[in-house]
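Since the structure comes first, as structure tokens, the remarks are kept for the end.
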Amino acid sequence: MRLILAVSLALVATSCEQMQTDLEGAARLRNPSPADFTQDTPVFVTLSWETKGDPSLVESYDVYFGPELDPPLVAAGVEEATYDPGELALDGTYRWRVIVNQTDGRRLSGITWTFSTVLGVWTGMTTGSSLSFRGLWVGSVDQMAAAGDGGTVRHFTNGTWNIVTSGTSRSLGGIWGDGQGQLYVVGDFGTIRAFNGINWQTMASNTSQNLNAIWGPTPDDLFVAGNGGTIRHLRINGGEGQWIKMQSGTSANLWTIWGTDGENMVAAGDNGQIRTYDGQTWSSFISGTAASFRGIWGTSLDNIFAVGLQGAIFHWDGFEWLSMESGTTQNLHSVWGSDGDNVFATGDSGLILRYNGANWQTLSNAGAEALLAVRGRGKNDVISAGAGGIVLTYEPAPVPQASTSR
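Residue numbers (my numbering): 2 to 407.
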């Protein structure tokens, strides 16, 4: 009986000692990078951590890493507080922990940290243009079009970007398509041109203001936004299209327009201006900011994202516009999402941000060129276009394969 009690007490003491060791290890091993539960981590990343307390007690580290719930030992006796796991799988979830081997003979274990990698990779497409694309329309799998400086228009069909001569040298800021070969482009000095698949037609906008964006639910219900608070609405009468002037209620430049249908629209622009349309009139949609917006998109009228200069991102939750932490001061030009938990924003210097439903994270710095437009078809099917004729596609990720060793 005494022997059993002694063994039990010894086991309890060992368990308590182990618990104290783990608690002390968790306290000593801090500030992991990537941080715990980070999403959209690049596939090339170096793990690092900090050790609190007396550095002279640290002899080395053992690193456990992998996709398993209980990650295996991958490196023993590591002298620096870093570990390079090599190239990781796309759309993978990884777990890791560190044990510090101390000079006093103790081994202190930290907690297990978790992070996930990006869903896909950005791949450049050959467009045959060196001029900047400012507008982008994305339809079915084999239907895309881009428009930009110098009247440039490219139409993607049958796996190739094809030149579409627009008949104008004026810069184009927006493009819209119906998926049946019909395109509309808008641009500087009130330019509006329509393409029926064969010929271009100039349409009267009755304004000399630059037109920056176009959106609509159908070919006979389109809206255009531009400088000086300009808004035009396409109406079809007797087979002929006519762009009707609308009173926006502002003189601020409007850079972006979006809606859920023809009776629920939102336009945004300089000095925090956001205007909303209810099918009858445009009215103020108070943003509470002086930020200059360049892109707007949402899933509904209760879930809208607006992005702009100096990294500005605001979200409408159905009650108020709230500022979101973007993590950047670079200009953002466009926003689009497959749903409210998968939203992309693009900006200067190839910056691509993604919102995962909780926070914005840098997905990629794809290069030096500004990305001026982003659109897509689904979660892993996103396209961005911008300066220098660049077009990037976000490719689906392969299913990661778990391994027991690295």
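A virtual CB, placed ideally from N, CA and C, is assigned to each residue, including glycine.
Endpoints, the beta strand (DSSP E) within which residue i is located
i, result
"Asn238", "232-238"
"Ile391", "Note, Ile391: premise wrong, no beta strand (DSSP E); not H, not E."
"Gly348", "343-348"
"Pro218", "212-219"
"Arg376", "372-379"
"Lys53", "From DSSP, Lys53 is part of no beta strand (DSSP E); its letter is neither H nor E."
"Met247", "241-247"
"Leu352", "352-356"
"Gly136", "134-139"
"Asp92", "Careful: Asp92 lies outside any beta strand (DSSP E) and carries neither H nor E."
"Ala269", "265-270"
"Thr203", "201-203"
"Gly338", "333-340"
"Ser209", "Unbroken run through Ser209: none, as it is neither H nor E."
Residues that residue i bridges to, as DSSP identifies them
i, result
"Phe306", "Trp298, His316"
"Leu184", "Gly178, Phe196"
"Gln103", "Val59"
"His156", "Ala146, Asn163"
"Thr124", "Thr394"
"Gln362", "Arg355"
"Thr83", "Ser49"
"Phe66", "Trp97"
Buried versus exposed, by CB contacts within 10 Å (16 or more), residue i
i, result
"Ser406", "Low confidence applies to Ser406: its pLDDT is 35, below 50, so where it sits in the model is not reliable enough to give any reading."
"Leu372", "buried"
"Arg355", "buried"
"Thr52", "buried"
"Ser288", "buried"
"Leu70", "exposed"
"Gly178", "buried"
"Asp262", "exposed"
"Asn159", "exposed"
"Asp150", "buried"
"Arg31", "exposed"
"Ser365", "buried"
"Ile251", "For the record, residue 251 in the displayed sequence is Thr; it is not Ile. Classification for Thr251: buried."
"Ile100", "buried"
"Met20", "Only weak support is given to the placement of Met20: the predicted model assigns it a pLDDT of 37, under 50, and the value that follows is read from those uncertain coordinates. The residue is exposed, with fewer than 16 neighbouring Cβ atoms inside 10 Å."
"Ile245", "exposed"
"Gly89", "The sequence as given places Leu at residue 89; Gly does not occur at that position. Result: buried."
Simplified DSSP assignment, three categories, for residue i
i, result
"Asn228", "helix"
"Val119", "coil"
"Leu58", "helix"
"Thr42", "strand"
"Arg29", "helix"
"Gln281", "coil"
"Gln144", "coil"
"Gln311", "helix"
"Gly289", "coil"
"Leu37", "Per the sequence presented here, residue 37 reads as Asp, with Leu not at that position. Looking at Asp37 - three-state DSSP - the assignment turns out to be coil, as it is neither helix nor strand."
"Asp71", "coil"
"Asp382", "strand"
"Asp222", "strand"
"Gly260", "strand"
"Gly250", "coil"
"Gly191", "helix"
Under 9 Å between C-beta atoms of residue i and residue j
i, j, result
"Gly309", "Thr329", "no"
"Met145", "Ile384", "yes"
"Ala77", "Asp63", "yes"
"Ala374", "Leu137", "yes"
"Asp221", "Leu212", "no"
"Ser167", "Val186", "yes"
"Val46", "Pro56", "no"
"Gly106", "Arg98", "no"
"Val392", "Thr128", "yes"
"Gly230", "Ser249", "yes"
"Asn332", "Gln311", "yes"
"Ile297", "Val267", "yes"
"Gly242", "Trp256", "no"
"Trp317", "Asp303", "yes"
"Gly319", "Gly341", "no"
Chain B contact for residue i (CB, 9 Å cutoff)
i, result
"Phe345", "Although the question refers to chain B, the structure presented lacks it and comprises just one protein chain."
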